[in-house]
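Below is one structure, written out as structure tokens, with a few remarks after it.
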Amino acid sequence: MHFHLLFDHPLFEEQPVKDVLEPFGFLVHTNTYELPLDESDGEAFTRYQANPLAYIEQMENTAPTGYTEIARLENEDGILIVSVLAKHVFAQLLLCADSTYAGDNSRVSSPFSDVYRERMRQITIEEFSREDDDGYTKGELATAASCYASVAGLAIQKGWPQTERVSTSDWPFKRHWWKPTDPRRDLVKAGALIAAEIERLDRAAAKAAAAGGDA
Numbered sequence: 255m256h257f258h259l260l261f262d263h264p265l266f267e268e269q270p271v272k273d274v275l276e277p278f279g280f281l282v283h284t285n286t287y288e289l290p291l292d293e294s295d296g297e298a299f300t301r302y303q304a305n306p307l308a309y310i311e312q313m314e315n316t317a318p319t320g321y322t323e324i325a326r327l328e329n330e331d332g333i334l335i336v337s338v339l340a341k342h343v344f345a346q347l348l349l350c351a352d353s354t355y356a357g358d359n360s361r362v363s364s365p366f367s368d369v370y371r372e373r374m375r376q377i378t379i380e381e382f383s384r385e386d387d388d389g390y391t392k393g394e395l396a397t398a399a400s401c402y403a404s405v406a407g408l409a410i411q412k413g414w415p416q417t418e419r420v421s422t423s424d425w426p427f428k429r430h431w432w433k434p435t436d437p438r439r440d441l442v443k444a445g446a447l448i449a450a451e452i453e454r455l456d457r458a459a460a461k462a463a464a465a466g467g468d469a
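Everything in the sequence shown is counted per this note's numbering, starting at 255 for the first residue and increasing by one.
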């Protein structure tokens with residue numbers, strides 16, 4: 255049995271799986287099976303009694319192509335298999351938050367996990383807090399993302415392997431925070447900054463809605 259670290263959250267003990275996951279931007283598919291706890295279940299009963307884990311692992315997951323299985327477990331209702339499809343970047347980043355789903359052998363692609371790790375690095379190492387981000391109301395985060403993306407695009411076009419010496423006049427922050435390195439790394443930084451801007455917009459919209467106004 256296995257499950258994504260999201261399932262450590264107490265909400266899953268209080269609400270149905272779909273009610274918890276769908277607001278985060280996931281399409282959710284579930285399979286449920288009754289446990290063969292009676293001898294009248296025949297061979298299924300025998301196999302389950304002999305090795306419950308092996309029995310649960312062999313149950314069919316009927317999720318459509320593209321879905322990622324994030325839980326296969328036994329609960330009071332029987333056997334539950336949960337699979338999700340991320341509808342947007344934030345949901346994909348949540349999926350990558352569990353290293354099991356962001357490693358080299360994961361069905362979650364490396365680019366998404368790299369963007370997630372860069373976003374976490376910005377917050378924890380560079381100490382760019384969400385409170386700081388909320389102060390950038392003039393599109394600074396989006397502009398910074400476009401700077402890294404533009405430099406990466408130029409480098410790819412020109413065939414430049416490195417971008418350390420490339421400058422831009424559009425950078426919205428202090429110059430010492432401009433740190434291009436190579437096209438791929440620059441695109442990862444751009445992706446993380448885009449995620450930061452989306453998060454800021456969502457927080458502003460939620461705050462405005464709570465106050466009865468516009469973001």
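Glycine included, every Cβ here is placed at the ideal spot set by N, Cα and C.
Worksheet item: Hey, how far is the Cα of Gly320 from the Cα of Asp368?
Response: 20 angstroms
Worksheet item: What is the DSSP secondary structure of Arg419, counted as helix, strand or coil?
Response: coil
Worksheet item: If you follow the beta strand (DSSP E) that Arg326 is part of, which residue opens it and which one closes it?
Response: Thr322 to Asn329
Worksheet entry | C-alpha distance - Tyr390 paired with Ala459, whole-angstrom precision | 14 angstroms
Worksheet item: Counting along the chain, where does the alpha helix (DSSP H) carrying Gly445 start and finish?
Response: Pro437 to Ala465
Worksheet item: With 16 as the cutoff for other CB atoms within 10 Å, does Asp259 come out buried or exposed?
Response: A small correction: the amino acid at residue 259 is Leu; Asp does not occupy that position in the sequence shown. Exposed, since its Cβ has fewer than 16 Cβ neighbours within 10 Å.
Worksheet item: Between the stretch 410-417 and the stretch 330-348, do at least 3 Cβ pairs fall closer than 8 angstroms?
Response: no
Item to complete: Taking the CB atoms as reference points, tell me whether Thr316 and Asn285 lie closer together than 7 angstroms.
Response: yes
Worksheet item: Using DSSP with H/G/I as helix, E/B as strand and the rest coil, what is Phe427?
Response: coil
Discussion item. Using the Cβ count rule (16 or more neighbours within 10 Å means buried), how would you classify Ser415?
Written reply: Here the sequence assigns Pro to residue 415, which means Ser is not the residue at that position. Exposed: under 16 other Cβ atoms inside 10 Å.
Practice prompt. Tell whether a beta-carbon distance below 7 angstroms holds between Val336 and Ala325.
Written response: yes
Fill in: Alpha carbon of His263 to alpha carbon of Leu275, nearest angstrom
11 angstroms
Discussion item. Within 10 Å of its beta-carbon, does Pro434 have 16 or more other beta-carbons around it, so buried, or fewer, so exposed?
Written reply: buried
Item to complete: Could you work out which residue in Leu441, Tyr302 and Gly466 is closest to Gly407 when comparing CA atoms only?
Response: Leu441
Worksheet item: Glu418 to Glu268, Cα distance in whole Å?
Response: 50 angstroms
Worksheet item: For Val369 and chain D, any beta-carbon pair shorter than 7 angstroms?
Response: In summary, chain D is missing from the structure at hand, where a single protein chain is found.
Worksheet item: Along the chain, where does the alpha helix (DSSP H) that runs through Tyr302 open and close?
Response: Glu297 to Ala304
Practice prompt. Excluding the 5 residues preceding and the 5 following Phe266 in the sequence, name in chain order all residues of the same chain whose CB lies nearer than 7 angstroms to its CB.
Written response: Val274
Worksheet entry | Where Ser383 sits in the DSSP three-state scheme | coil
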